[in-house]
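Number of protein chains: 2
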Amino acid sequence: MEKEKRSPHIILASQSNLKFKETLPIKWGAQTAMERGPVVASNTNHKARNAIGAHSGSYTVYRALSIASGKFPPMHRPDLNNTQSPVKIGPYPQWKDPLKMVTVDPWGLDPQLNFKPLFEEGYDIRPTISVTQAHLQIPEINEAIDKGRLQVDGSIIRENRDVCVTKVAIDPVWYLPGVAERLNVDEGDLRRILFQETGGMYPEFITRPDLKVWLPPIGSSTAYIFGKAEDLANPKVELTCRVHDECNGSDVFGSDICTCRPYLMYGIEDATRTAQRGGVGIIIYYRKEGRALGEVTKFLVYNARKRQEGGDTAATYFRRTECVAGTEDARFQEFMPDCLHLFGISKIHNLHSMSNMKYDAIVKSGIEVVNRVSIPDHLIPQDAQVEMEAKKAAGYFSKEPKKTTEELKKVTGRAIKE
Amino acid sequence: MEKEKRSPHIILASQSNLKFKETLPIKWGAQTAMERGPVVASNTNHKARNAIGAHSGSYTVYRALSIASGKFPPMHRPDLNNTQSPVKIGPYPQWKDPLKMVTVDPWGLDPQLNFKPLFEEGYDIRPTISVTQAHLQIPEINEAIDKGRLQVDGSIIRENRDVCVTKVAIDPVWYLPGVAERLNVDEGDLRRILFQETGGMYPEFITRPDLKVWLPPIGSSTAYIFGKAEDLANPKVELTCRVHDECNGSDVFGSDICTCRPYLMYGIEDATRTAQRGGVGIIIYYRKEGRALGEVTKFLVYNARKRQEGGDTAATYFRRTECVAGTEDARFQEFMPDCLHLFGISKIHNLHSMSNMKYDAIVKSGIEVVNRVSIPDHLIPQDAQVEMEAKKAAGYFSKEPKKTTEELKKVTGRAIKE
Numbered sequence: 070m071e072k073e074k075r076s077p078h079i080i081l082a083s084q085s086n087l088k089f090k091e092t093l094p095i096k097w098g099a100q101t102a103m104e105r106g107p108v109v110a111s112n113t114n115h116k117a118r119n120a121i122g123a124h125s126g127s128y129t130v131y132r133a134l135s136i137a138s139g140k141f142p143p144m145h146r147p148d149l150n151n152t153q154s155p156v157k158i159g160p161y162p163q164w165k166d167p168l169k170m171v172t173v174d175p176w177g178l179d180p181q182l183n184f185k186p187l188f189e190e191g192y193d194i195r196p197t198i199s200v201t202q203a204h205l206q207i208p209e210i211n212e213a214i215d216k217g218r219l220q221v222d223g224s225i226i227r228e229n230r231d232v233c234v235t236k237v238a239i240d241p242v243w244y245l246p247g248v249a250e251r252l253n254v255d256e257g258d259l260r261r262i263l264f265q266e267t268g269g270m271y272p273e274f275i276t277r278p279d280l281k282v283w284l285p286p287i288g289s290s291t292a293y294i295f296g297k298a299e300d301l302a303n304p305k306v307e308l309t310c311r312v313h314d315e316c317n318g319s320d321v322f323g324s325d326i327c328t329c330r331p332y333l334m335y336g337i338e339d340a341t342r343t344a345q346r347g348g349v350g351i352i353i354y355y356r357k358e359g360r361a362l363g364e365v366t367k368f369l370v371y372n373a374r375k376r377q378e379g380g381d382t383a384a385t386y387f388r389r390t391e392c393v394a395g396t397e398d399a400r401f402q403e404f405m406p407d408c409l410h411l412f413g414i415s416k417i418h419n420l421h422s423m424s425n426m427k428y429d430a431i432v433k434s435g436i437e438v439v440n441r442v443s444i445p446d447h448l449i450p451q452d453a454q455v456e457m458e459a460k461k462a463a464g465y466f467s468k469e470p471k472k473t474t475e476e477l478k479k480v481t482g483r484a485i486k487e
Numbered sequence: 070m071e072k073e074k075r076s077p078h079i080i081l082a083s084q085s086n087l088k089f090k091e092t093l094p095i096k097w098g099a100q101t102a103m104e105r106g107p108v109v110a111s112n113t114n115h116k117a118r119n120a121i122g123a124h125s126g127s128y129t130v131y132r133a134l135s136i137a138s139g140k141f142p143p144m145h146r147p148d149l150n151n152t153q154s155p156v157k158i159g160p161y162p163q164w165k166d167p168l169k170m171v172t173v174d175p176w177g178l179d180p181q182l183n184f185k186p187l188f189e190e191g192y193d194i195r196p197t198i199s200v201t202q203a204h205l206q207i208p209e210i211n212e213a214i215d216k217g218r219l220q221v222d223g224s225i226i227r228e229n230r231d232v233c234v235t236k237v238a239i240d241p242v243w244y245l246p247g248v249a250e251r252l253n254v255d256e257g258d259l260r261r262i263l264f265q266e267t268g269g270m271y272p273e274f275i276t277r278p279d280l281k282v283w284l285p286p287i288g289s290s291t292a293y294i295f296g297k298a299e300d301l302a303n304p305k306v307e308l309t310c311r312v313h314d315e316c317n318g319s320d321v322f323g324s325d326i327c328t329c330r331p332y333l334m335y336g337i338e339d340a341t342r343t344a345q346r347g348g349v350g351i352i353i354y355y356r357k358e359g360r361a362l363g364e365v366t367k368f369l370v371y372n373a374r375k376r377q378e379g380g381d382t383a384a385t386y387f388r389r390t391e392c393v394a395g396t397e398d399a400r401f402q403e404f405m406p407d408c409l410h411l412f413g414i415s416k417i418h419n420l421h422s423m424s425n426m427k428y429d430a431i432v433k434s435g436i437e438v439v440n441r442v443s444i445p446d447h448l449i450p451q452d453a454q455v456e457m458e459a460k461k462a463a464g465y466f467s468k469e470p471k472k473t474t475e476e477l478k479k480v481t482g483r484a485i486k487e
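As given, the protein sequences belong to chains C and D, one line each in that order. Residues 70 to 487 (the numbering used here) are what the first sequence spells out, left to right. Residues 70 to 487 (the numbering used here) are what the second sequence spells out, left to right.
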């Protein structure tokens with residue numbers, strides 16, 4: 070099946086009448102891995118490709134640079150020996166429903182096992198999910214131990230205060246008919262707009278309506294599991310969950326204009342505590358910086374908020390984003406629960422989030438939510454009160470009353486020069 | 070210049086004989102913004118586009134989804150009122166050299182000011198850089214204050230222990246002839262490989278050799294400046310710098326297998342201290358997760374390291390990455406100094422990094438480095454000793470002696486089940 074060298078011949082866009090016997094069909098949501106068929110997006114044999122795009126999300130660009138610079142043999146195939154998951158995850162009933170998960174390929178976890186006969190035939194099938202175990206050292210967890218909110222137990226929290234977790238990296242794999250269905254748009258319209266609005270990325274959106282799967286060049290998601298991974302699928306085991314969207318400025322650098330890191334750390338603390346009392350915790354980190362508008366836009370909005378007439382107030386919080394960015398939010402929470410279904414989750418006992426968009430998406434996807442947990446007040450930085458009050462006024466979940474429009478004008482952040 | 074609605078007509082790939090009078094030339098490295106010409110990658114008037122790709126890196130995919138779902142008016146143009154930088158950055162001589170910066174567009178900072186006459190003509194030019202000010206609350210900085218390594222001064226560190234910074238988000242804008250020159254490859258070969266290895270992203274690489282600029286769908290970079298931004302360009306002012314590549318597992322979650330967060334926090338502490346004694350600090354965060362191979366690959370490598378015969382040892386650290394990923398490293402540090410040149414940096418007094426790849430790239434780009442600073446031993450987690458010793462043996466900078474091959478075999482990490 071393999072050629073030794075890549076052909077320099079350039080095909081600008083493949084056509085659906087160009088099919089090869091090596092091209093395996095994908096039957097999304099089928100009952101077994103072999104019935105479903107593997108997603109093949111590797112380039113070592115273009116005749117076997119049955120998806121649009123390339124592996125590793127955005128990092129496909131760096132792989133291409135590596136090949137261009139001669140540092141990477143173009144026909145390299147990964148040695149997957151010893152790379153398999155240390156814990157068993159699935160298969161779950163959710164994997165076998167074509168509309169339950171439309172942005173994650175569950176069979177992309179350990180494909181060398183799921184599609185063993187095809188590997189033996191020579192297919193180059195790449196993992197899109199990987200699982201490993203880790204120990205975390207987190208200052209806020211140290212503080213929780215110091216203050217007696219968490220205890221060293223030698224197992225979940227080791228004597229040296231390491232928190233033991235299983236972590237799962239998940240690359241995006243989009244089943245386009247399912248994505249269109251979830252957005253309630255026509256698949257053809259979705260393909261045309263994806264093509265046009267990205268400036269012409271992947272003409273196969275148009276020329277290959279037979280290719281139903283796309284690996285988009287976007288960031289991956291990462292799940293951190295506290296306790297036993299298999300317990301996530303058991304609705305009788307107490308489950309604490311936070312679904313967290315990336316905010317590099319707060320998550321890493323501790324910027325005080327928002328509550329992202331405090332919320333995340335409180336989620337980790339509570340997930341750990343849940344695991345210690347026999348439950349299980351999961352934190353999922355989605356790379357959707359600045360409401361999936363990106364950081365350049367985010368900083369423009371911060372300036373516009375702080376410079377506007379009347380200063381940065383809760384009353385105008387959402388409007389400024391829309392003026393600059395064209396939309397308040399591009400995160401599409403309707404796809405977020407896919408990563409929960411990967412783990413067979415059907416019931417969340419404690420959901421750490423005040424976002425109605427997240428809550429609604431989770432419940433609509435068929436997962437029961439028992440308690441909603443919002444961040445304790447003492448963890449909210451002063452400058453983040455603007456965000457917090459704007460969100461409460463917009464109907465985000467909180468146990469406290471909403472402020473009136475007049476009161477919202479009084480919740481102000483720092484001026485731009487402070 | 071504008072049409073009210075986007076045409077549904079699909080052009081699979083534009084051709085270079087299709088030129089329009091609205092298309093402005095780009096003269097990379099010209100002396101002024103107007104001579105250089107703006108990069109126009111917006112879609113509100115396709116006749117004015119003079120670049121391949123789209124704005125916001127990866128987030129262009131989410132913007133396209135917003136339009137598909139009807140949540141975003143396709144002809145929206147950003148309201149840039151009040152979004153401009155609160156501090157002055159440039160222009161610097163480095164902006165006027167076509168080969169000094171090939172992955173950043175300095176004139177993409179405040180284009181509404183740089184290209185004012187063109188905005189008045191109706192051009193839709195988007196910012197690719199934005200600047201804002203922030204206060205940071207960081208547990209490790211709190212600890213440094215508690216231990217007396219940092220002092221509250223009311224200005225750089227406020228009474229409430231906020232650290233004041235200026236932060237800069239930088240989207241990638243690649244000048245392809247310059248990228249090819251830096252990699253020492255032919256531009257045509259680079260274009261062909263970028264097209265083929267990304268699975269056919271942007272046929273304009275092939276059909277539009279006249280378009281020299283590409284906005285790739287990859288993550289942005291972010292600079293955090295401690296002290297006065299204008300001092301960065303003054304070689305007489307002491308400058309402390311860390312160029313940090315994203316490692317979400319450590320930077321956010323504190324995984325102990327590497328030294329990423331400890332190194333970053335030590336850099337922030339020292340950058341703050343430098344600013345307090347009248348110097349200036351800069352930390353640049355590059356979204357190059359897992360050596361720009363992505364997190365799915367990273368976790369596969371972790372498993373292969375921990376399961377291999379003999380366990381996870383410093384002796385086999387680099388080899389395992391290459392077996393799985395095809396290359397040890399895809400970060401292309403040769404492009405990293407572009408973000409330093411954006412700020413006019415010509416001399417770094419304290420470079421926080423032990424990487425020779427980073428050091429060599431910085432020096433080769435014409436920046437003088439006075440001192441190299443490696444992380445203090447007490448900040449290295451136990452499990453990260455494998456990484457640390459492997460790097461030292463490979464010639465990374467350290468004040469300590471390298472270990473022999475036999476000694477390297479003895480530096481082992483935790484087993485996979487621990």
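No residue lacks a Cβ here, since even glycine has one placed at the ideal position from N, Cα and C.
Tell me, please, whether the CB atom of residue i is closer than 9 Å to any CB atom in chain C?
i              : result
Y271 (chain D) : yes
D258 (chain D) : yes
A430 (chain D) : no
C392 (chain D) : yes
R342 (chain D) : no
Measuring straight from C-alpha to C-alpha, what distance separates residue i and residue j?
i              : j              : result
H145 (chain C) : I417 (chain C) : 42 Å
R132 (chain C) : A384 (chain D) : 25 Å
G363 (chain C) : G318 (chain C) : 12 Å
T152 (chain C) : I198 (chain C) : 11 Å
V314 (chain D) : K357 (chain D) : It is Asp, not Val, that sits at residue 314 (chain D) in the sequence shown. Their Cα atoms are separated by approximately 5 Å.
A238 (chain D) : R360 (chain C) : 15 Å
I461 (chain C) : P160 (chain C) : Rather than Ile, the amino acid found at residue 461 (chain C) in this sequence is Lys. Near 39 Å, if we compare the C-alpha coordinates of P160 (chain C) and K461 (chain C).
R483 (chain D) : Q402 (chain C) : 37 Å
Q163 (chain D) : T474 (chain C) : 49 Å
N119 (chain D) : P142 (chain D) : 22 Å
M467 (chain C) : E458 (chain C) : Correcting the residue type first, residue 467 (chain C) is Ser in the shown sequence and not Met. Those two C-alpha atoms are separated by around 10 Å.
Could you name the residues of the same chain whose beta carbon sits closer than 6 Å to that of residue i, not counting the 5 residues immediately before and after it, in chain order?
i              : result
F412 (chain C) : L301
S111 (chain C) : D193 and R195
A99 (chain D)  : R105
What did DSSP end up calling residue i once you bin it into helix, strand or coil?
i              : result
F89 (chain C)  : coil
S290 (chain D) : strand
K367 (chain D) : helix
A137 (chain D) : helix
K165 (chain C) : helix
C316 (chain C) : coil
A394 (chain C) : helix
Spatial neighbours of residue i within its chain, please: C-beta separation below 8 Å, excluding the five flanking residues on both sides.
i             : result
K96 (chain D) : E104, R105 and G106
Quick one: residues in its chain with C-beta nearer than 7 Å to the C-beta of residue i, no 5 flanking neighbours on either side, listed in chain order?
i              : result
T235 (chain C) : V156, V200, Q202, I294 and A298
N183 (chain C) : A102 and W176
D222 (chain D) : Q345
L187 (chain C) : P107 and I194
P406 (chain C) : A430, I431, S434 and I436
Distance cutoff 9 Å, beta carbons only. Does residue i sit that close to anything in chain D?
i              : result
D446 (chain C) : no
L252 (chain C) : yes
E34 (chain C)  : Outside the modelled stretch of chain C, which goes from 70 to 487, sits residue 34 (chain C), for which no answer is possible.
S154 (chain C) : yes
Problem set entry | Cβ contact check for the stretch 225–237 of chain D and the stretch 203–210 of chain D: 3 or more pairs under 8 Å | Touching, yes.
Problem set entry | Stretch-stretch touch, CB-based, cutoff 8 Å, three pairs: the stretch 164–180 of chain C with the stretch 243–261 of chain C | As far as the Cβ criterion goes, the stretch 164–180 of chain C touches the stretch 243–261 of chain C, which means the pair count is three or higher.
Exercise. Is there contact between the stretch 254–272 of chain C and the stretch 254–272 of chain D, where contact requires at least three CB pairs shorter than 8 Å?
Worked result: yes
For this session: State whether the stretch 442–450 of chain C contacts the stretch 417–428 of chain C, with contact taken as three or more CB pairs (one from each stretch) at a distance under 8 Å.
Result: yes
Exercise. With contact counted as at least three CB pairs below 8 Å, one residue from each stretch, are the stretch 329–339 of chain C and the stretch 445–456 of chain C in contact?
Worked result: In short, these stretches touch, since the Cβ pair count reaches three.
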